[in-house]
Amino acid sequence: MRDDGTLDDPYAPSSPTAETEEGTSAERTTAASRLRAYARDLSGQRRARVALATGVVCCLGLAAVAQVRNQDAGAQATEKTSGVELAQRAEPQAASRALDRAAVPSATPSASATSADPDATPRARKVVPKPTDPVPVAGLDEDQMENAEAIVRAGRKMGVPRRGLVIAVATAMQESNLYNVASGVLPESQDYPHQGVGWDHDSVGLFQQRSSSGWGPVGRLMDPEFATRQFLTALEQVPGWQQMRLTDAAQAVQVSAYPEHYQQHEWRATRVVDAIVPSGR
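Taking my numbering, the leading residue of the sequence shown gets 522, the next gets one more, and so forth.
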């Protein structure tokens, strides 16, 4: 009980009211300071997070830009490479087309044809390979084999049987060794293609035929085909020539001083004809 007769309040603060108010004010000030500091911390963290996020976004943007640039550069490089490859492929093709036009000139298409079919391209001309010449046989060289072929071709054009071709080749083997020989006595004969010069009177060519004996003009006798026709024409006029020995048939045409010499060439002539015209053809 106080002096004034009032009772003490058991729930009243023990310190004076002024002190309580001062304590409360100090506590509030401290709390407010803490709140402000916390708020500053939060603001700093937020700003840091925002800055970090902004930096990440910028980095991602730069990476994307760099990737796009690299892709563009790669695409340009690929285009350039493709262009170079196409140019390299086009060069041999153009060269090939140029060679074709130079070797096989073709007519320029008309304006109507071009307008009707603008995509039409000229077809390449088919080249038929030339039959290869048979390899020389029976000890002949290339010139001798070519002359033998000329004899066989001429005989086949005339329709002469195979036996006549063998007789003709064997006769030329004996007379000129299958060379187209000119005559040293007839300088005129040397003006024509020849493969040697002989001195047996005025005899010329593969069969050593004489113009003075009526076989034909010198220039014509230097032609293997003409000379062959002259020989085979005379052979076909010999009665029974196909049943004769080769040397007898040849001698009937040539009237040589050595009639038996033709026989020695029969086996070689047969082999040559077989090489040029295989059996059955």
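Note that beta-carbon positions come from the ideal geometry of N, C-alpha and C, so glycine has one too.
Span of the alpha helix (DSSP H) around Gly676: As a first step, residue 676 must be located in the sequence shown, where it is residue number 155. Glu663 to Met679 is the span of the alpha helix (DSSP H), which, as asked, contains Gly676.
Could you tell me whether the stretch 751-769 touches the stretch 667-686, using the rule of 3 or more Cβ pairs below 8 Å? yes
Hey, could you find the ends of the alpha helix (DSSP H) Glu757 is sitting in? Against the sequence shown, residue 757 aligns to sequence position 236. Pro745 to Glu757 is the span of the alpha helix (DSSP H), which, as asked, contains Glu757.
So, under 8 Å CB-CB, Leu699 and Leu727 are touching, yes? Tell me the CB distance rounded to an integer number of Å. On the sequence shown, position 178 is the one that residue 699 refers to. On the sequence shown, position 206 is the one that residue 727 refers to. 7 Å between Cβ atoms; contact.
Considering only the beta carbon of each residue, do Val759 and Val690 sit closer than 8 Å? For this step, residue 759 is matched to residue 238 along the sequence shown. For this step, residue 690 is matched to residue 169 along the sequence shown. Not a contact, by the Cβ cut-off of 8 Å.
What is the DSSP secondary structure of Ala632, reduced to helix, strand or coil? Within the sequence shown, residue 632 is the residue found at index 111, counting from 1. With a pLDDT of only 42 at Ala632, under the threshold of 50, the placement of this residue in the model should not be trusted; the figure read from the coordinates follows. The answer is helix: DSSP assigns Ala632 an H, G or I state.
If Gln763 sits next to Ala748, beta carbons under 8 Å apart, how far is it from one beta carbon to the other, in whole angstroms? Here residue 763 is taken as the residue at index 242 of the sequence shown, counted from 1. Here residue 748 is taken as the residue at index 227 of the sequence shown, counted from 1. In fact, because the Cβ distance is near 21 Å, the residues do not count as touching under 8 Å.
With H, G and I counted as helix, E and B as strand and the rest as coil, what does DSSP make of Ser800? Here the question's residue 800 lines up with position 279 in the sequence shown. Looking at Ser800 - three-state DSSP - the assignment turns out to be coil, as it is neither helix nor strand.
Spatial neighbours of His786 within its chain, please: CB distance less than 7 Å, with the 5 preceding and 5 following residues excluded, ordered by chain position. Taking the sequence shown and counting its residues from 1, the one referred to as residue 786 is at position 265. Same-chain partners within the cutoff: Ala691, Met694 and Gln695.
Distance between Leu661 and Glu709 (C-alpha atoms, nearest Å): Taking the sequence shown and counting its residues from 1, the one referred to as residue 709 is at position 188. Taking the sequence shown and counting its residues from 1, the one referred to as residue 661 is at position 140. Approximately 28 Å between the Cα atoms of the pair.
Could you tell me the boundaries of the alpha helix (DSSP H) in which Asp769 lies? Sequence index remark: in the sequence shown, residue 769 carries index 248 (1-based). Leu767 to Gln775 is the span of the alpha helix (DSSP H), which, as asked, contains Asp769.
N-terminal and C-terminal residue of the alpha helix (DSSP H) that Gln695 is part of: Residue mapping note: residue 695 aligns to position 174 of the sequence shown, counting from 1. Note, Gln695: alpha helix (DSSP H), Arg683 to Ser697.
Compare the Cα-Cα distances from Asp723 to each of Val706, Ile797 and Glu781 and report the closest residue. The residue you call residue 723 lines up with position 202 of the sequence shown. Asp723 has its Cα closest to that of Val706, out of Val706, Ile797 and Glu781.
Do Asn701 and Gln711 count as a contact pair if the criterion is CB distance below 8 Å? Taking the sequence shown and counting its residues from 1, one reaches residue 711 at position 190. Taking the sequence shown and counting its residues from 1, one reaches residue 701 at position 180. For Gln711 and Asn701, no; Cβs fall outside 8 Å.
Work out the CA separation of Val658 and Ile797 for me, nearest whole Å. Indexing the sequence shown from 1 puts residue 797 at position 276. Indexing the sequence shown from 1 puts residue 658 at position 137. Cα to Cα, Ile797 sits roughly 10 Å from Val658.
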